[in-house]
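So the protein sequences, as listed, match chains A and B. To convert, take the position in the first sequence, counting from 1, and add 845; that gives this note's numbering. To convert, take the position in the second sequence, counting from 1, and add 38; that gives this note's numbering. C-beta atoms are modelled at their ideal positions from N, C-alpha and C, and glycine is treated no differently. Please read all numbers here as calculations on a predicted model, not as lab measurements. Structure first, then comments.
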Amino acid sequence: MSGTSPVGPKAWIARIAQDGDREAFAALYAHYAPQVKRYLMRSGADPVTAEEVAQDVLLTVWRRAPTYDPSRANPNTWIFTIARNRRIDRLRKENRPEPEATEIIETMQPTQATDAQVAQARRAAAVRQALATLPQEQAEVLQSSYFEGRSMRELADATGVPLGTIKSRSRLAMIRLRQVLEDQQSSP
Amino acid sequence: MTTPTHLIPEELLLSYAAGTAGEALSLLAACHLTLSPESRAHLDTLEAVGGELLAELPGAELAPGSLEAMLARLDEPAPAPRPVPTGDPIFPAPLRRLMGPQPRWRKVWPGVQVLDLPLHYGPQPVRLTRLAPGIEIPRHTHGGQEYNLVLQGGFSDRGADYLRGDVAVADDTVEHHLDIHDDGECITLVLLDSPLVPRSLKGTIAHWITGI
Chain A
846 MSGTSPVGPK AWIARIAQDG DREAFAALYA HYAPQVKRYL MRSGADPVTA EEVAQDVLLT
906 VWRRAPTYDP SRANPNTWIF TIARNRRIDR LRKENRPEPE ATEIIETMQP TQATDAQVAQ
966 ARRAAAVRQA LATLPQEQAE VLQSSYFEGR SMRELADATG VPLGTIKSRS RLAMIRLRQV
1026 LEDQQSSP
Chain B
39 MTTPTHLIPE ELLLSYAAGT AGEALSLLAA CHLTLSPESR AHLDTLEAVG GELLAELPGA
99 ELAPGSLEAM LARLDEPAPA PRPVPTGDPI FPAPLRRLMG PQPRWRKVWP GVQVLDLPLH
159 YGPQPVRLTR LAPGIEIPRH THGGQEYNLV LQGGFSDRGA DYLRGDVAVA DDTVEHHLDI
219 HDDGECITLV LLDSPLVPRS LKGTIAHWIT GI
């Protein structure tokens, strides 16, 4: 991550928002499209469909850059939510009901909340750190929930691990994540 | 205005954040999240987890000419944004979208009206119920899972009060009855994956007549 230097996802999104900067978009595409494509393939899309949907996702990023609010979500989170919603719309042919107030996370109103930005950056760092310290089996349950589009019941059926065990691993992972986040919020 | 204290289960919030919850459970989550700042803050964290997991994925190789194909799409006209549906604001927007402009409530029992939504939870339709002040939903248990989200008014269940935004969760291990608060009509969103199993004579008769 770039911090204050004028490259990196946040700066690219800002340049897209301000000037429709195609060079910044190309950089953003090179950074995210391969990961978004992998994400879609992990949820069952073939490579051609995955690439097409990844382009839909980045096209949405291009269009919505002016409403991106870095104090609400960092670029990783914002792009994850867009990719997740496209995955549901395209691959499952469903319409994802979105909460009325957060119909916004994708289409947020820009604010000037630098404190919130700092808090949000710290949260992302804490989440990263928490993920890195999770026991393997808990990390696997999380990854499977997020990437393979499988419910815990489906995961239990597929792996032969009892549903109760999967649920408790997931619960432990969430407790651990929350703990790290609370520590990070209470530290000065 | 108080905020909800009976939040949706974490497992459900996780599957909503991950995008693995089905449409009915996603509707329940979206309606609850509209009304609960606490659950929204929790969702923000779960989405941040998704973002960091995405960032850690090894990239897949893009097809040759991928960037050029992408750049050629940037000038495609953007689709019009979905309009926010009109209607009574006690129903969160994702619900208004499903209810349509002229919802047709059915009276199924004295003091009980239902509106089936064009969406299923398991084999059963997701429905809204309007319950008259002070009535009782007789003692029953469930063949499976039940979620009951309060949109207006309130009810008491097993010694706890459920008000706007609160979610009551029950399954086949729970036998209960609901007392609708007497200070006004109660409206709830109900997900029930199999019919109620009555546990009283009055309930058996009601079940037999209403099929609920």
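Beta-carbon separation of Ile173(B) and Gly149(B) under 8 Å? Closer than 8 Å, so yes.
Straight-line CA distance for Glu943(A) to Leu227(B)? 16 Å
Residues sharing a beta bridge with Arg967(A), DSSP: DSSP lists no partner for Arg967(A).
Please report the straight-line C-alpha distance between Leu921(A) and Leu873(A), rounded to a whole angstrom. One point to set straight first is that residue 921(A) is Asn, not Leu, in the sequence displayed. Rounded to whole angstroms, Asn921(A) to Leu873(A) spans 11 Å at the Cα level.
Which residues DSSP lists as bridging Thr167(B), in chain order: Bridge partners of Thr167(B): Val152(B) and Thr226(B).
Is the beta carbon of Glu184(B) closer than 8 Å to that of Leu136(B)? no
Taking the beta strand (DSSP E) that Asp195(B) falls in, what are its first and last residues? Run containing Asp195(B): Phe193 to Asp195, per the beta strand (DSSP E) assignment.
Touching or not, the region 113-123 of chain B and the region 890-898 of chain A, by the rule of three or more beta carbon pairs under 8 Å? no
Helix, strand or coil: which one does DSSP assign to Glu213(B)? coil
Any Cβ of chain A within less than 8 Å of the Cβ of Arg165(B)? no
Tell me which same chain residues have a C-beta within less than 8 Å of the C-beta of Ala55(B), skipping the five on either side of it? Leu81, Leu84, Glu85, Val87 and Gly88
Rounded to whole angstroms, what's the CA-CA distance from Trp857(A) to Glu213(B)? Just pull it up for me. 56 Å
Taking 7 Å as the limit between beta carbons, can you name the residues of its chain near Thr43(B), skipping five residues before and five after? Asp204
So, at 6 Å on beta carbons, what are the nonlocal neighbours of Ile247(B) in its own chain, with the 5 sequence-adjacent residues on each side left out? none
C-alpha gap between Ala975(A) and Pro132(B), whole angstroms: 33 Å
For Arg168(B), which of Gln151(B), Phe193(B) and Pro176(B) has the nearest alpha-carbon? Of the residues Gln151(B), Phe193(B) and Pro176(B), the one whose Cα lies closest to the Cα of Arg168(B) is Gln151(B).
Reference Thr41(B); option with closest CA among Leu65(B), Gly181(B) and Val188(B): Val188(B)
Assuming Ala969(A) and Asn930(A) form a contact by the criterion Cβ under 8 Å, report the distance between their Cβ atoms to the nearest whole angstrom. Taking 8 Å as the upper bound for CB-CB distance, Ala969(A) and Asn930(A) are not in contact here, some 20 Å apart.
Residue range of the alpha helix (DSSP H) that includes His245(B): Leu239 to Thr248
Could you pull the start and end residues of the alpha helix (DSSP H) that Thr40(B) belongs to? Taken as a continuous stretch (DSSP letters only), Thr40(B) belongs to no alpha helix (DSSP H), as it is neither H nor E.
In angstroms with no decimal places, state the Cα-to-Cα distance between Asn186(B) and Arg120(B). 28 Å
Segment limits, beta strand (DSSP E) that includes Gln190(B): Glu184 to Gln190
Arg177(B), DSSP secondary structure in three states: strand
Name the chain B residues whose beta carbon is nearer than 7 Å to that of Ile933(A)? Gly57
Please name the residue in Arg909(A), Arg1014(A) and Ser990(A) whose C-alpha comes closest to that of Ile927(A). Nearest of Arg909(A), Arg1014(A) and Ser990(A) to Ile927(A), Cα basis: Arg909(A).
Which residue wins for smallest C-alpha separation from Asp154(B), given the options Arg144(B), Gly160(B) and Gln190(B)? Arg144(B)
Closer than 9 Å by beta-carbon distance: list the chain A residues that pair up with Ala101(B), in chain order. Pro892, Val893 and Glu896
At what residues does the alpha helix (DSSP H) containing Ala79(B) begin and finish? Pro75 to Glu94
On the three-state DSSP scale, how would you describe Gly120(B)? Before going further, note that residue 120(B) is Arg rather than Gly in the sequence given. Reduced to three states, the DSSP call for Arg120(B) is coil.
How is Val235(B) classed by DSSP in three states: helix, strand or coil? strand
Collapsed DSSP secondary structure at Gln983(A) in the structure displayed: helix
Residues in the region 108-126 of chain B with C-beta within 9 Å of chain A's C-beta atoms, listed in sequence order? Residues are counted here when their Cβ sits less than 9 Å from a Cβ of chain A; for the region 108-126 of chain B these are Met108, Leu109, Arg111, Leu112, Glu114, Ala116, Pro119, Arg120 and Val122, given in chain order.
From the DSSP output, which residues share a beta bridge with Gln162(B)? Beta-bridge partners of Gln162(B) (DSSP): Tyr159(B).
Buried versus exposed call for Lys882(A) [16 or more other C-beta atoms within 10 Å across all chains shown]: buried
C-alpha distance - Thr978(A) paired with Ile1020(A), whole-angstrom precision: 13 Å
Using a C-beta cutoff of 8 Å, does Ala918(A) count as contacting chain B? For Ala918(A), the closest Cβ of chain B is nearer than 8 Å.
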